[in-house]
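In this note's numbering, the protein residues as written are 9 to 529.
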């Protein structure tokens, strides 16, 4: 029976292996024993790994956490300057934390347990392909957790799933985990470069892999591009290591192919309204998650509108006056609120975003990879930074227009002609220059626009790492907990309650001003 074993233990895994003081007998009394209730398969567990609701564009994560909170911290959404605006929605950050440990990591631990049951060489070798590609996705999500919180439980987390033993998981240092992820991604990349799977396992992978459809070349590109991202992430705290890794990848495209074209983009393709409809949720996926989301002032008014950005017309709608106008961060909340009521602000375009039943889950894109290349070439040489920068912008425009065209709602906007894109690239606020600081600022700004509202967790991360674009946040005198935008998320309350011994080891750093290890500029 191809069922995902973790669904029947999902409610108890986190509390029992990471964050609770419950006894193992409590688990036995209250949860089914997966060994006696379900016959798991590697294929079923593998498909279930990708089903984290925090990865997909689902209502709850978008509406409660990603759009209002991370959108504010990254300034990729318009927000009102109300009291306590920067304080974290702790119930929803708890959800984010839980979903990683009870879904993504728990699923992978079940895969490890299943893999250990294969005793024949054919099974071990065949299903190794499932394990290694699963790690790429797991490592992507793990790095994002570090980028949000810093030190997290990882090496000891999820032991109940893989071994049946209760372990109160320690917090691994963020830098040490990053070092491990970067090193192991290289090992996986080298494995994928030579693997020649048996036809049976290739077919099984194609049936259950709904990210890359069993395409090993795309998994190689995902692996190497992710490693490139993580290396650049640490480039200001460990430039020597980052430079070595980046140049190794960019200098050997045969061994380490990366995402270069929109067709290479790593995504989960949406199949339409039936896929996005969520039983027992308040609204449908992306529609309920971000319909009516206000346009950010700096992105729209200071960057995209002055440069005649071709993405402007498919990113945002016009206001009641037929103009584009984002929410200024410098206005007081009364003026902002009155302007919202008067329909003075633009909102995210409904055709492209909220009413687009075919909006994909975006994981890693050619635009981002090109911006990474541009930054690397600008800082260390080895290639033409200007070309990579302009390719990043072109791939971003191409991808967002392809998403816009998927929508069956409303009136679609015309694609930009070549002349419009050329003119945009030559705009004085966009054009590549001979000045390194200016170029680095423009690379980071265009990368930030590309992440936008959907990948704003990456936008916030890069904003903290590069300090570009130079957005401003008004202090909030009404808050003592977080008068300024935080530099990390606070650990969920469940950690303090259920994993106190290990939490006490990181307690001193659990505040809104502690920086993630790579945040040193």
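Cβ coordinates follow ideal geometry from the N, Cα and C atoms, glycine included. These figures come from a predicted structure and were not determined experimentally.
In whole angstroms, give me the CA-to-CA distance for residue i and residue j.
i	j	result
residue 216	residue 209	11 Å
residue 335	residue 120	48 Å
residue 175	residue 237	32 Å
residue 93	residue 111	30 Å
residue 202	residue 123	21 Å
residue 141	residue 269	21 Å
residue 118	residue 53	7 Å
residue 469	residue 371	15 Å
residue 516	residue 510	12 Å
residue 338	residue 302	15 Å
residue 251	residue 179	28 Å
residue 39	residue 168	The predicted model places residue 39 with a pLDDT of 36, which falls under 50 and marks its position as unreliable; any figure quoted below should be read in that light. Going by the C-alpha atoms only, they are around 13 Å apart.
residue 379	residue 293	29 Å
residue 227	residue 248	27 Å
residue 340	residue 457	25 Å
residue 218	residue 442	43 Å
residue 278	residue 393	34 Å
residue 296	residue 163	36 Å
residue 455	residue 127	47 Å
residue 381	residue 400	9 Å
residue 283	residue 62	Unreliable positioning characterises residue 283 in this predicted model, as indicated by a pLDDT of 48, which lies under 50. The coordinate reading is nonetheless provided below. One C-alpha to the other measures close to 15 Å.
residue 507	residue 177	8 Å
residue 366	residue 309	28 Å
Can you give me the Cβ contacts of residue i inside the same chain, cut-off strictly under 6 Å, excluding the 5 residues immediately before and after it?
i	result
residue 312	320
residue 364	415
residue 512	none
residue 9	Because residue 9 sits at a pLDDT of 35, beneath the cut-off of 50, its placement in the model cannot be relied upon, and the following sentence gives the value as read from the coordinates. Cβ neighbours of residue 9 beyond the five flanking positions: 47.
residue 449	476
residue 267	229, 233, 374 and 377
residue 514	159 and 179
In chain order, what residues of the same chain have a beta carbon less than 8 Å from the beta carbon of residue i, not counting five sequence neighbours either side?
i	result
residue 522	158, 495 and 496
residue 390	255, 258, 259 and 384
residue 57	112, 115, 116, 119, 142, 145 and 146
residue 490	92, 94, 95, 96, 484 and 520
residue 473	241, 244, 526, 527 and 529
residue 388	251, 254 and 255
residue 482	89, 337 and 338
Quick one: what's residue i bridged to in DSSP?
i	result
residue 276	369
residue 314	Residue 314 is not bridged to any residue.
residue 237	Answer is none; residue 237 lacks a bridge partner.
residue 304	335
residue 355	302
residue 160	180
residue 432	Residue 432 pairs with nothing; no bridge assigned.
residue 324	356
From which residue to which residue does the alpha helix (DSSP H) around residue i run?
i	result
residue 255	247-258
residue 77	Per DSSP, residue 77 belongs to no alpha helix (DSSP H) and is neither H nor E.
residue 52	50-57
residue 296	293-298
residue 506	501-506
residue 123	114-124
residue 413	393-414
residue 346	341-349
residue 107	98-107
residue 383	374-388
residue 210	207-216
residue 470	464-474
residue 449	444-459
With a cut-off of 8 Å, does the C-beta of residue i fall near any C-beta of chain C?
i	result
residue 314	In summary, chain C is missing from the structure at hand, where a single protein chain is found.
Short of 7 Å in beta carbon distance, which residues of its chain neighbour residue i, apart from the five on each side in sequence? Order them along the chain.
i	result
residue 402	429
residue 102	500, 501 and 502
residue 466	459
residue 353	86, 302, 303, 327, 333, 334, 335 and 347
residue 407	270, 273, 373 and 375
residue 322	357, 360, 408, 409, 412 and 421
residue 189	147, 150, 151 and 238
residue 463	370
Verify whether the separation of the beta carbon atoms of residue i and residue j is less than 8 Å.
i	j	result
residue 64	residue 276	yes
residue 307	residue 84	yes
residue 100	residue 73	yes
residue 315	residue 447	no
residue 86	residue 305	yes
residue 344	residue 78	no
residue 183	residue 235	no
residue 398	residue 451	no
residue 81	residue 461	no
residue 153	residue 108	yes
residue 433	residue 426	no
residue 75	residue 498	no
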